[in-house]
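**Student:**
Below you can see the structure in the form of structure tokens.
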């Protein structure tokens, strides 16, 4: 049940980020619900699985909108791994910390995206992009992180959303050894 809800959540966030929120930029920055899902799920789970699910969402965006595979996936993957390193083993289930993490991860993702644009040969004004989109986007993403903290906290209050210490594969290994 947990994986079904996570996959549906990632698909909904991907569709809203790419289809709806593109039409309504706030302070010249596009809000990123997929990144918010990454921050919240990593904060509550403290596992690497949300990073992989969000990277799959980035792969969906790549297949629909990007010139090459990895343009959206790589920033989500790198920022997710950095976020996992920050939250792993720590008890940061605070709305302000997750909101701040949302803003910081947004900025890191934007810097990685700018680097990928340069490597792909796009001509962009780096300083203009950082000053007009990336920096105002930190506030937008932090506010979104603050707003979405309570719904994710409610979602992860259910027992079926809690990650199990014994993975599904461990049970398969035990059955295989018995044979």
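Numbering (my numbering), first residue to last: 12 to 190.
The beta carbon of each residue, even a glycine, is placed where N, CA and C say it ideally should be.
Which runs of the beta strand (DSSP E) fall wholly inside the region 90-116 and span at least 3 residues, in chain order?
**Tutor:** none
**Student:** Do you know offhand how far residue 271's Cα is from residue 123's?
**Tutor:** Residue 271 lies beyond the range of the chain shown here (12 to 190); nothing can be said about it.
**Student:** Between the beta-carbon of residue 49 and the beta-carbon of residue 41, is there less than 7 Å?
**Tutor:** Walking along the chain shown from the start, residue 49 turns up at place 38. Walking along the chain shown from the start, residue 41 turns up at place 30. Result no, Cβ atoms of residue 49 and residue 41 do not sit closer than 7 Å.
**Student:** Comparing C-alpha positions only, which one of 24, 154, 53 and 156 sits nearest to residue 91?
**Tutor:** For this step, residue 91 is matched to residue 80 along the chain shown. When each option's Cα is compared against that of residue 91, the closest is 53.
**Student:** Using beta-carbon positions only, say whether residue 66 and residue 83 come within less than 7 Å of one another.
**Tutor:** Sequence index remark: in the chain shown, residue 66 carries index 55 (1-based). Sequence index remark: in the chain shown, residue 83 carries index 72 (1-based). The answer is no: Cβ separation not under 7 Å.
**Student:** Please state the DSSP three-state secondary structure of residue 40.
**Tutor:** Counting from one through the chain shown, the residue named residue 40 turns up at place 29. Strand at residue 40.
**Student:** Figure out for me which residue from 126, 56 and 76 has the closest Cα to the Cα of residue 25.
**Tutor:** Against the chain shown, residue 25 aligns to sequence position 14. Ranking 126, 56 and 76 by Cα distance to residue 25 puts 76 first.
**Student:** Within a Cβ cutoff of 8 Å, which residues of the same chain sit near residue 73, ignoring the five residues on either side of it in sequence?
**Tutor:** Stepping through the chain shown from its first residue, residue 73 is reached at position 62. Excluding the 5 residues flanking it on each side, residue 73 has same chain C-beta neighbours closer than 8 Å at 79, 80, 81, 82, 83 and 84, in chain order.
**Student:** Does DSSP classify residue 145 as helix, strand or coil?
**Tutor:** On the chain shown, position 134 is the one that residue 145 refers to. Residue state, collapsed to three classes: helix.
**Student:** Where does residue 179 sit, in a helix, a strand or coil, going by DSSP?
**Tutor:** For the purposes of this step, residue 179 is taken as the residue at position 168 of the chain shown. Interpretation of residue 179 is limited by its pLDDT of 45, a score under 50 that renders its predicted location unreliable; the figure taken from the coordinates is listed afterwards. DSSP places residue 179 in helix when its eight states are reduced to three.
**Student:** In the DSSP assignment, find the alpha helix (DSSP H) that holds residue 23 and state where it starts and stops.
**Tutor:** Looking up residue 23 in the chain shown gives position 12. Start and end: 13-26.
**Student:** Quick one: what's got a C-beta closer than 6 Å to residue 153's C-beta in the same chain, skipping five residues either side?
**Tutor:** To locate residue 153, count along the chain shown from 1; it is residue 142. Excluding residues within five positions, the ones whose Cβ falls inside 6 Å are 110, 113 and 114.
**Student:** Counting C-beta neighbours from all protein chains within 10 Å, is the total for residue 55 16 or more, i.e. buried, or is it exposed?
**Tutor:** Indexing the chain shown from 1 puts residue 55 at position 44. So residue 55 counts as buried.
**Student:** Whose C-alpha, out of 19, 71 and 161, is nearest the C-alpha of residue 51?
**Tutor:** Residue mapping note: residue 51 aligns to position 40 of the chain shown, counting from 1. Among 19, 71 and 161, the Cα nearest to that of residue 51 belongs to 161.
**Student:** Pick out whichever of 101, 116, 175 and 68 has its Cα sitting closest to the Cα of residue 145.
**Tutor:** Taking the chain shown and counting its residues from 1, one reaches residue 145 at position 134. Out of 101, 116, 175 and 68, 116 has the C-alpha closest to the C-alpha of residue 145.
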